[in-house]
Amino acid sequence: MGVLKEVLPRGFGFAQPLTGESRDDIFLNETRLAALGAAQERRPQALLLLGVIEKGDGKRSAVRARPLDLRDARTASLLWDRMLRGGSRGLDVERLRTLVPSLPVALPLLFVLLDELPGDMDLLDPIVSQMPGSIWHEPALRPILHLAPSAARGDVFLEALRHDPEAALSLLVDWNAKRQPLVKAAWLETLWRHLPARCATLVELAQSTGPSGEPEERLQWARRGIDLGVGDRATWWERIANAVGELAASPAGRKNAPDAAMDDWTPLAVAPSSVVRALLRRWYPAIAAALQTLESVANWSREQAAIRADVLLKDLDAQDHELAERWVPPRALGENTELPVRAQMLTARAAEKWASRYLQSLGLGVRDVSIEQLQPSPKEWVAMDLQVDGRHGVDVKNCRRTVNGGMRSGRWKVKAFKADAAGRKVTLCGVSSPYTRFDGNGTLSVSGRDSGGEYMLVLGVTHAAEVDQLLRSFRDVFDAHTPARTTLKEMPAWAWDYPAAHYRKRNDALIALRAAAGDGVSVLARRWHRELPPLLWSIWNVESPGFAQLDDQQRAFLRDLGEAWRKTQTGDAVPSSVPRLPWLYLFTLHAWLRWRRSGRPSDAGRLKALFRSCPEPSAETDEPFEELHEAVDEDEQDGEVSEEPYLSTRTGGAPLAAGIGIADPAHTLDYLLDALGVLDQHLSAAEFQRIERFTFHPNGVLTGTYGDGKRRTLLAHCGGLLEKRMVECGHWPLTFGRNETCACGRLICRMCSCCTAFGQPTCPHEVERKERAREVLSRLTSPRTWRRRSSRS
2 MGVLKEVLPR GFGFAQPLTG ESRDDIFLNE TRLAALGAAQ ERRPQALLLL
52 GVIEKGDGKR SAVRARPLDL RDARTASLLW DRMLRGGSRG LDVERLRTLV
102 PSLPVALPLL FVLLDELPGD MDLLDPIVSQ MPGSIWHEPA LRPILHLAPS
152 AARGDVFLEA LRHDPEAALS LLVDWNAKRQ PLVKAAWLET LWRHLPARCA
202 TLVELAQSTG PSGEPEERLQ WARRGIDLGV GDRATWWERI ANAVGELAAS
252 PAGRKNAPDA AMDDWTPLAV APSSVVRALL RRWYPAIAAA LQTLESVANW
302 SREQAAIRAD VLLKDLDAQD HELAERWVPP RALGENTELP VRAQMLTARA
352 AEKWASRYLQ SLGLGVRDVS IEQLQPSPKE WVAMDLQVDG RHGVDVKNCR
402 RTVNGGMRSG RWKVKAFKAD AAGRKVTLCG VSSPYTRFDG NGTLSVSGRD
452 SGGEYMLVLG VTHAAEVDQL LRSFRDVFDA HTPARTTLKE MPAWAWDYPA
502 AHYRKRNDAL IALRAAAGDG VSVLARRWHR ELPPLLWSIW NVESPGFAQL
552 DDQQRAFLRD LGEAWRKTQT GDAVPSSVPR LPWLYLFTLH AWLRWRRSGR
602 PSDAGRLKAL FRSCPEPSAE TDEPFEELHE AVDEDEQDGE VSEEPYLSTR
652 TGGAPLAAGI GIADPAHTLD YLLDALGVLD QHLSAAEFQR IERFTFHPNG
702 VLTGTYGDGK RRTLLAHCGG LLEKRMVECG HWPLTFGRNE TCACGRLICR
752 MCSCCTAFGQ PTCPHEVERK ERAREVLSRL TSPRTWRRRS SRS
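With my numbering applied, the sequence shown closes on residue 794, and no number is skipped along the way.
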């Protein structure tokens with residue numbers, strides 16, 4: 002007897018034997034397969050009776066073949082005899098012979114198949130389906146009861162449950178051991194009441210089988226498993242999250258009031274975040290929605306503020322081209338720079354149009370003042386590019402991304418802050434754009450291979466005095482010197498943030514969370530409070546959960562931040578908003594300087610933990626912040642051009658600032674803390690104390706001046722040019738310890754070897770450095786060098 006294993010396209014096939022002395026495959030030629038009759042009898046896994054011979058080469062071949070008939074009494078007798086010869090294993094064979102007289106082959110065949118192919122239910126199920134359901138109550142069939150249909154097994158179980166609960170439990174355990182589990186939550190609940198001494202077994206069974214039933218029932222068993230400490234805890238938490246998730250999605254009629262017992266269930270203190278969120282969605286949907294809104298700030302900010310650059314450029318019309326043409330300086334005409342300058346001007350017009358659309362998407366009325374340059378109208382365009390709600394002027398700044406700095410480049414210049422006719426300062430709106438060029442057809446397109454992956458992105462807004470005012474206000478934190486700004490002002494990426502209208506959803510979410518955070522009585526309430534970053538609690542003037550487990554530097558940072566933020570607030574109302582990105586960036590830098598001046602050990606990387614929700618506490622330790630900070634990024638590889646995408650950063654994922662609802666699309670805060678971590682490693686406490694004055698420039702450059710007047714740059718961005726392409730490098734950040742320091746005291750960029758900015762007097766050491774590099778490159782690429790290498794190879 003065998004099972005048809007496969008039928009090949011050429012017309013022959015092979016069968017796997019179930020009985021007989023050998024288990025080698027049996028060959029069936031086209032004639033034998035044709036003798037099987039209908040197509041269904043020639044399908045793989047068809048049961049066959051075979052006459053077999055062994056050839057001289059040892060291979061086996063069928064000389065006869067026919068489908069196995071479950072009504073064939075002679076085959077049944079042979080199968081029963083085989084079972085008796087092989088040992089009946091305690092089976093009542095004589096009783097079994099009489100159970101299915103209409104299909105005498107069925108039962109012995111099941112036993113044979115269980116021996117030969119125990120896990121192949123595709124073979125077993127068709128046989129089982131032809132057997133009458135009433136026979137499964139027969140005690141002689143208990144060894145194969147796990148093969149019975151679910152309905153028949155359920156009837157047998159319920160009968161056992163009525164007379165002998167222990168026997169009923171043994172059925173469930175046996176079925177589970179044979180990998181044919183059938184368990185209902187209601188059955189387990191009945192056994193729980195009747196067999197209190199077998200609670201652990203029932204809980205283990207509940208975890209291994211995942212009983213069917215209502216989500217409330219499955220939730221109850223998961224809670225029992227955690228309470229008893231039986232089974233895998235992570236699996237129980239997952240079951241709870243799934244069951245509660247089903248309840249949260251259930252019709253309104255099933256959404257009863259919050260479960261007080263669940264709210265105060267002690268193990269929730271160490272519940273995973275997924276469980277906490279599921280419980281909040283079930284019973285406190287407003288809190289869950291507010292948390293989700295806060296966490297998705299980075300995503301929906303990007304969706305609202307970004308557009309594919311190639312799509313926007315194609316949307317420019319004839320008037321846009323005419324306007325951009327007027328902006329091309331006369332000195333650019335006829336020079337090699339003419340086409341690049343034209344591309345830059347047209348891209349600037351695209352930035353204006355995208356800024357207008359973005360502001361309109363916030364529900365603001367926007368007037369395109371810039372396009373009025375083409376009309377004989379009042380010259381309001383001299384003071385502004387856009388006008389919002391008929392009152393507020395907006396000056397759009399096209400912040401072209403640099404090759405190695407991307408959106409984080411600091412070389413975005415603003416020659417002057419404009420004012421409208423009434424003397425009101427005009428708001429700046431920064432738009433990050435990629436490099437563009439005119440192709441051979443005169444069409445403006447995005448430079449680079451992946452033009453479809455480049456975006457125009459609104460970075461935010463600022464005003465004339467924002468950074469200067471902040472630098473003055475943080476002197477209470479650390480008195481860093483700030484030089485007076487020149488007429489040429491650089492706007493770093495951290496100087497921008499989105500307007501209040503952009504953050505309406507976030508602010509509503511913060512108000513809801515602040516109001517709900519006052520309820521910290523239940524275990525669930527205290528646990529979901531840990532979902533909020535410690536930084537947010539400090540802004541709210543409340544000690545964060547786990548504050549005692551923070552290190553000294555983290556606690557000092559939170560205390561200083563809370564005090565500095567409260568000084569910006571007016572009135573007695575509890576603040577519900579959060580700082581703007583420039584405020585947070587500059588505070589972080591000043592707080593670090595203050596801590597380093599104290600002479601205590603510093604690890605700026607650990608401050609990252611304060612921007613994230615508290616980690617999921619474990620039952621074994623109460624040190625949630627033990628390993629939360631990230632390692633400082635590895636040094637970048639030397640080279641002229643980095644392969645980093647313009648709209649992604651090395652940190653990956655959402656920016657740190659997004660933890661408290663600040664978009665920070667350039668991840669500037671992540672990079673700052675990475676850079677400060679490098680300084681912690683390379684600037685010793687003794688060396689730090691030797692620096693008498695720290696100077697922070699509005700463009701983001703941090704320098705230290707020693708007692709002898711020597712100045713050393715600690716943090717900067719590259720202002721040099723990539724000579725091969727004659728474009729700004731913009732690599733950021735340059736950090737003391739990671740980047741070499743030139744003899745002039747400035748940091749040397751790895752990408753372009755510059756230590757001075759374009760337009761400034763060139764450092765003689767930079768000239769020598771680049772000349773040496775050119776000489777080395779010339780030698781490496783000379784024909785003589787290549788001939789020498791070829792001869793060696």
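Where is the CB? At the ideal position from N, CA and C, for every residue including glycine.
Inset, instruction - Go through its chain and collect everything with a Cβ distance to Gly216's Cβ below 7 Å, but skip five positions before and after it. - result: The residue you asked about is not Gly; residue 216 is Pro in the sequence shown. By the criterion of a C-beta distance shorter than 7 Å, Pro216 is surrounded in its chain by Ala244, Glu247, Leu248, once the five residues flanking it on both sides are discounted.
Inset, instruction - Decide if the segment 694-708 is in contact with the segment 717-734; the criterion is three or more beta carbon pairs, one per stretch, under 8 Å apart. - result: The segment 694-708 vs the segment 717-734: in contact.
Legend entry - Opening and closing residue of the beta strand (DSSP E) in which Thr463 lies: If you look at Thr463, you'll find it in the beta strand (DSSP E) that goes 456-463.
Legend entry - Residue(s) in a DSSP beta bridge with Phe15: Residue pairing by DSSP puts Phe15 in a beta bridge opposite Glu7, Phe28.
Inset, instruction - Quick one: residues in its chain with C-beta nearer than 6 Å to the C-beta of Leu514, no 5 flanking neighbours on either side, listed in chain order? - result: Excluding sequence neighbours, Leu514 sits near Ala291.
Inset, instruction - Return yes when the Cβ of Ala351 is within less than 8 Å of the Cβ of Leu314, no when it is not. - result: Against a cut-off of 8 Å, the Cβ pair of Ala351 and Leu314 comes out as a contact.
Inset, instruction - Identify whether Lys426 lies in helix, strand or coil by the three-state DSSP scheme. - result: In the structure shown, Lys426 sits in a strand (DSSP, three-state: E or B).
Legend entry - Segment limits, alpha helix (DSSP H) that includes Thr589: From DSSP, the alpha helix (DSSP H) with Thr589 extends over 582-598.
Inset, instruction - With distances taken Cα to Cα, identify the nearest neighbour of Asn542 among Thr463, Trp566, Leu533. - result: Selected option, being the one with the closest Cα: Trp566.
Legend entry - Collapsed DSSP secondary structure at Val129 in the structure displayed: DSSP places Val129 within a helical segment (H, G or I) once states are collapsed to three.
Inset, instruction - Could you check if Asn442 is buried or exposed, using at least 16 other CB atoms within 10 Å of its CB as the buried criterion? - result: When all chains shown are included, Asn442 counts as exposed.
Inset, instruction - Apply the 10 Å Cβ neighbour rule to Val522 and answer buried if 16 or more other Cβ atoms are within range, or exposed otherwise. - result: Sixteen is the threshold: since fewer than 16 other Cβ atoms of the shown chains lie within 10 Å of the Cβ of Val522, the residue is exposed.
Legend entry - the segment 167-183 / the segment 205-220 touching (three or more Cβ pairs under 8 Å): Yes, since at least three Cβ pairs between the segment 167-183 and the segment 205-220 fall closer than 8 Å, the two stretches touch.
Legend entry - Element boundaries [alpha helix (DSSP H), containing Glu373]: Looking at the DSSP string, Glu373 is not in any alpha helix (DSSP H), and its letter there is neither H nor E.
Legend entry - Neighbourhood of Arg712 by C-beta distance below 6 Å, restricted to the same chain and skipping five residues each side: In chain order, Thr704, Thr706, Gly746 place their CB closer than 6 Å to the CB of Arg712, counting only its own chain and leaving out the 5 sequence neighbours on each side.
Legend entry - Helix, strand or coil at Lys771 [DSSP, three-state]: Taken through DSSP and simplified to helix, strand or coil, Lys771 comes out as helix.
Legend entry - Sub-8 Å separation of Leu559 and Leu537 beta-carbons: Remark: C-beta atoms of Leu559 and Leu537 do not approach each other more closely than 8 Å.
Legend entry - Asp561 versus Ser539 - alpha carbon distance: In this structure, the alpha-carbon of Asp561 lies about 9 Å from that of Ser539.
Legend entry - Cross-strand partners of Tyr707 (DSSP beta bridge): In DSSP, Tyr707 forms a bridge with Ile692.
Inset, instruction - Inspect the beta-carbon positions of Ala374 and Leu324 and report whether they are closer than 8 Å. - result: The residue you asked about is not Ala; residue 374 is Gln in the sequence shown. For the pair Gln374 and Leu324, the CB atoms are nearer than the 8 Å cut-off.
Legend entry - beta strand (DSSP E) segment containing Arg401, residue limits: Start and end: 393-401.
Legend entry - the segment 22-30 touching the segment 98-115, judged by at least three CB pairs closer than 8 Å: Counting Cβ pairs under 8 Å, fewer than three are found: no touch.
Inset, instruction - Decide yes or no for the touch test of the segment 269-285 against the segment 432-441: beta carbon pairs closer than 8 Å, at least 3 of them. - result: These segments do not touch.
Inset, instruction - In angstroms with no decimal places, state the Cα-to-Cα distance between Arg194 and Ala153. - result: The alpha-carbon atoms of Arg194 and Ala153 are separated by roughly 24 Å.
Legend entry - Alpha-carbon to alpha-carbon, Pro144 and Leu100: For Leu100 and Pro144, the distance between alpha carbons rounds to 15 Å.
Inset, instruction - Using only alpha-carbon positions, find the residue among Glu544, Gly407, Lys568, Thr696 that is nearest to His732. - result: The residue from Glu544, Gly407, Lys568, Thr696 with its alpha-carbon nearest to that of His732 is Gly407.
Inset, instruction - Give a yes or no on whether the C-beta atoms belonging to Gly662 and Leu511 are separated by under 8 Å. - result: Annotated as proximal: Gly662 and Leu511, with beta-carbon spacing under 8 Å.
Legend entry - Helix, strand or coil at Asn542 [DSSP, three-state]: Coil, per DSSP.
Legend entry - Residue ranges of each beta strand (DSSP E) within the segment 56-104, 3 or longer: 61-68, all fully within the segment 56-104.
Legend entry - Spatial neighbours of Phe612 in its chain, beta-carbon cut-off 6 Å, leaving aside the 5 residues before and after: Within the same chain, and ignoring the five residues on either side of Phe612 in sequence, the residues whose Cβ sits closer than 6 Å to its Cβ are Pro534, Leu536, Leu657, Gly660.
Inset, instruction - Tell me where the alpha helix (DSSP H) around Val389 begins and ends. - result: Premise fails: Val389 lies in the beta strand (DSSP E), 387-389, not in any alpha helix (DSSP H).
Inset, instruction - State the DSSP-derived secondary structure class of Arg712, mapped to helix, strand or coil. - result: Strand.
Inset, instruction - Compute the Euclidean distance between the alpha carbons of Ala667 and Ser297, then round it to the nearest angstrom. - result: The alpha-carbon atoms of Ala667 and Ser297 are separated by roughly 16 Å.
Legend entry - Sequence ranges, alpha helix (DSSP H) only - wholly within the segment 496-546, length at least 4: DSSP runs (the alpha helix (DSSP H)) wholly in the segment 496-546: 505-517, 524-530, 535-540.
Legend entry - Test item: CB-CB of Asn399 and Val447 under 8 Å: Contact: no.
Legend entry - Residue range of the alpha helix (DSSP H) that includes Arg43: Per DSSP, Arg43 is not a residue of any alpha helix (DSSP H), being assigned neither H nor E.
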